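In short: position in the sequence shown from 1, add 29, done, that's this note's numbering.
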Amino acid sequence: MSEVRGQPDLTGHWEQVRAKLKSEFGEAAYNSWLRQLALVGQRHGVVLLEVPTRFIKDWIGSHYADRLAALWRSECPLAKSVEVSVRAPRDGQAVHSVNGDDAARDVGTPLDPRFTFENFVVGKSNELAHAAARRLAESERVNFNPLFLYGGVGLGKTHLMHAIGWHLRQRKPHRKVIYLSAEKFMYLFIRALRFKDIMAFKQQFRSVDLLMVDDVQFIGGKDSTQEEFFHTFNDLVEQSRQIVISADRQPSDLEGIADRIKSRLGGGLVADIHQTDYELRLGILQAKAEQSAQKDTIPPKVLEFLAHRITTNVRELEGALNRVLAYSNLVGRPITLETTQEVLRDLLRASDRRVTIEEIQKKVAEHYNIRLNDMHSPRRARAVARPRQVAMYLAKQLTQRSLPDIGRKFGNRDHTTVMHAVKRIEALKGVDASLAEDIDLLRRMLEA
Ligand code: ADP
Ligand code: MG
Numbered sequence: 030m031s032e033v034r035g036q037p038d039l040t041g042h043w044e045q046v047r048a049k050l051k052s053e054f055g056e057a058a059y060n061s062w063l064r065q066l067a068l069v070g071q072r073h074g075v076v077l078l079e080v081p082t083r084f085i086k087d088w089i090g091s092h093y094a095d096r097l098a099a100l101w102r103s104e105c106p107l108a109k110s111v112e113v114s115v116r117a118p119r120d121g122q123a124v125h126s127v128n129g130d131d132a133a134r135d136v137g138t139p140l141d142p143r144f145t146f147e148n149f150v151v152g153k154s155n156e157l158a159h160a161a162a163r164r165l166a167e168s169e170r171v172n173f174n175p176l177f178l179y180g181g182v183g184l185g186k187t188h189l190m191h192a193i194g195w196h197l198r199q200r201k202p203h204r205k206v207i208y209l210s211a212e213k214f215m216y217l218f219i220r221a222l223r224f225k226d227i228m229a230f231k232q233q234f235r236s237v238d239l240l241m242v243d244d245v246q247f248i249g250g251k252d253s254t255q256e257e258f259f260h261t262f263n264d265l266v267e268q269s270r271q272i273v274i275s276a277d278r279q280p281s282d283l284e285g286i287a288d289r290i291k292s293r294l295g296g297g298l299v300a301d302i303h304q305t306d307y308e309l310r311l312g313i314l315q316a317k318a319e320q321s322a323q324k325d326t327i328p329p330k331v332l333e334f335l336a337h338r339i340t341t342n343v344r345e346l347e348g349a350l351n352r353v354l355a356y357s358n359l360v361g362r363p364i365t366l367e368t369t370q371e372v373l374r375d376l377l378r379a380s381d382r383r384v385t386i387e388e389i390q391k392k393v394a395e396h397y398n399i400r401l402n403d404m405h406s407p408r409r410a411r412a413v414a415r416p417r418q419v420a421m422y423l424a425k426q427l428t429q430r431s432l433p434d435i436g437r438k439f440g441n442r443d444h445t446t447v448m449h450a451v452k453r454i455e456a457l458k459g460v461d462a463s464l465a466e467d468i469d470l471l472r473r474m475l476e477a
């Protein structure tokens, strides 16, 4: 910008030129295209302007170049011609926007085309988050702001955010939507600080209709980023723009984030994505299998096996299925239970190792404040029987032990008792939210 500083008049001329462009071509055209022009300076009578993208450069070149040059010449005796170039990106990152907005293009991250509502399988564990995301994407106004989505890794938070973006883009192509990770927000902010570009940084966010920031747990402890994020957040909320946030935990559990920010983050709708259950895992596998070219070669048994055994998260589940498909495709062997077990041996062993029945009993006993002994005892009082059933249920979910095996570990009970416990807890979870939460929590602790 030294050239601009060396030419104090240039900036004044540019202001005049801009005003004329605006009145000649109208507010809309000006905002879409001409506003993107930034003055760099002049060299030997050539006025140097920059735009963020090649597309805008070409558009301006074919629609406005003549008037632009003419206005400059009439405004500034020194100007002979005008040269528009594409601003070199300051970092190596790909920069895109959800729609055609160019302020957004500077900060947003592209949406993954696979992450749509159509490709999202709904189950008990994600139905609230999904319903909220859908409502937000489909309505003019929702009465919650922000929407705060939280849950463990690989459970579909990012997928849902992208789905909102895609849907809105389809429905309202002119809405400005920005999706980015909190890390990227932080990076951009720090970069803006370094280049003394804070005004431009703020400007990028100020005009946004929907801002989605993924994984905000990453701004914990980064005080200045956090403050800036908070200001951006408040600005947008005040203008009734919509915000969607995701994190791996609920607002009040975010570490290193100021209390007033936490409470603000939790001030809209907070929707939890729980760990998947068997039905959802199977549903997801079936949907993925259905989209695969090999769909007719995948026995349902294999999908059931995977849904039983890969309980960590959806990302791992997808990964396991992809590995099986790739193996069969490359080696030319049909997909069977045996090949599946063979291909996934390391993965399955890792999940075998993950939790033992003893650990489950210990954690559940601690959680419900009963004696470890009560896991084996014949006592049937509800206060011990229910936790015991929870432990059996978790043993079934988190280990690969058979029902008789599990029964033996619970004071030599019969396998039908275990089966009954599993069914009972499954049913109760659906109607008893606090039990569902307990189980979710226990599972997280055990899998951690
Ligand atoms: P998170 O952001 O919560 O860590 P992602 O949104 O990245 O998780 O999801 C991980 C992977 O699992 C993605 O490929 C996503 O498409 C898939 N996935 C997660 N939940 C679902 C679901 N309910 N239906 C279909 N695919 C899902
Ligand atoms: Mg994510």
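Idealized CB from N, CA, C, for every residue including glycine. Note that this is a predicted model, so its numbers are computed, not measured.
For the alpha helix (DSSP H) holding residue i, just list the boundary residues, first then last.
i, result
"E371", "L366 to V372"
"A166", "E156 to E167"
"D226", "No alpha helix (DSSP H) holds D226; DSSP gives it neither H nor E."
"T261", "D252 to E267"
"D403", "Segment: none, D403 is in no alpha helix (DSSP H) and carries neither H nor E."
"Y397", "I386 to Y397"
Indicate the three-state DSSP secondary structure (helix, strand or coil) for residue i in the structure shown.
i, result
"S114", "strand"
"S431", "coil"
"L464", "helix"
"R352", "helix"
"A300", "strand"
"V151", "coil"
"D38", "helix"
"Q71", "strand"
"L63", "helix"
"F177", "strand"
"E284", "coil"
"V237", "coil"
"V171", "coil"
"L140", "coil"
Could you give the distance in angstroms between the alpha-carbon of residue i and the alpha-carbon of residue j?
i, j, result
"A336", "F439", "25 Å"
"E347", "A318", "10 Å"
"K330", "G295", "42 Å"
"F230", "D403", "60 Å"
"K201", "D238", "11 Å"
"V69", "E79", "7 Å"
"K324", "P142", "21 Å"
"Y59", "G285", "43 Å"
"A412", "R400", "11 Å"
"R235", "F218", "14 Å"
"V245", "I290", "11 Å"
"K153", "R430", "25 Å"
"L475", "Q390", "10 Å"
"Q65", "G459", "53 Å"
"D469", "S281", "18 Å"
"F262", "I272", "8 Å"
"T82", "R116", "7 Å"
"A410", "A424", "21 Å"
Taking 7 Å as the CB-CB cut-off, is residue i touching chain B?
i, result
"D469", "The structure shown contains no chain B; it is built from a single protein chain."
If I follow the unbroken beta strand (DSSP E) through residue i, where does it start and stop?
i, result
"V273", "Q271 to A276"
"E319", "Segment Y307 to Q320 is the alpha helix (DSSP H) holding E319; no beta strand (DSSP E) there."
"Y208", "V206 to S210"
Exercise. Can you list the residues near ligand 1, meaning Cβ strictly closer than 5 Å to any non-hydrogen atom, in the order they appear in the chain?
Key: One residue list follows from the rule of a beta carbon closer than 5 Å to any heavy atom of ligand 1, given in chain order as F149, V150, V182, G183, L184, G185, K186, T187, H188, I313, V343 and R344.
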